[in-house]
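Residue numbers (the working numbering): -4 to 92. As structure tokens, the structure follows; a few thoughts come after it.
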Amino acid sequence: CFDVVRLKFVKLETASSVILQPHDKRFFQLNEPKKILEEKLRYYSSLTKNSTICIFHNHFNYYFDVVKIDSEKKKDVEVASIQDADVIFDFVKEKYP
């Protein structure tokens, strides 16, 4: 018994800005949190709106909801590439204080 899997190649827009919502306020207590986030996001090739990503730093998992993504051509896209892109990251208030 075999299942059929259909794949479709889709070229993603390149992200220009992303708004993230940390789940925990401890993230903001780190030394240079934005720098840490940008360093860890190098392991992600794309982001999807309304998804949750995880960053592991100093023996702790930090979770973030992807709130909004703007691409170079469109505002508020569902998914975008962040690989080899100059993306501006911003934050909204933590989800669980």
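Don't be surprised by glycine CBs; every beta carbon is placed ideally from N, CA and C. Here the structure is a predicted model, which is why all the values come from computation and not from measurement.
(message) Only counting the same chain, and skipping five residues up and downstream in sequence, which positions put a Cβ closer than 6 Å to that of S106?
(response) Because the chain is modelled from -4 through 92, residue 106 falls outside the range shown and cannot be assessed.
(message) Tell me the DSSP secondary structure of K30 in three-state form.
(response) helix
(request) Output the distance between the C-alpha atoms of S40 and F(-3), rounded to the nearest integer angstrom. (result) 30 Å
(request) Between the Cα of K29 and those of K44, I50 and L42, spot the shortest distance and give me the residue it belongs to. (result) I50
(request) Spell out a yes or no on whether the region 70 to 81 and the region 20 to 27 are touching, meaning 3 or more CB-CB pairs, one atom from each, closer than 8 Å. (result) The region 70 to 81, when compared against the region 20 to 27, does not touch it at the 8 Å Cβ threshold.
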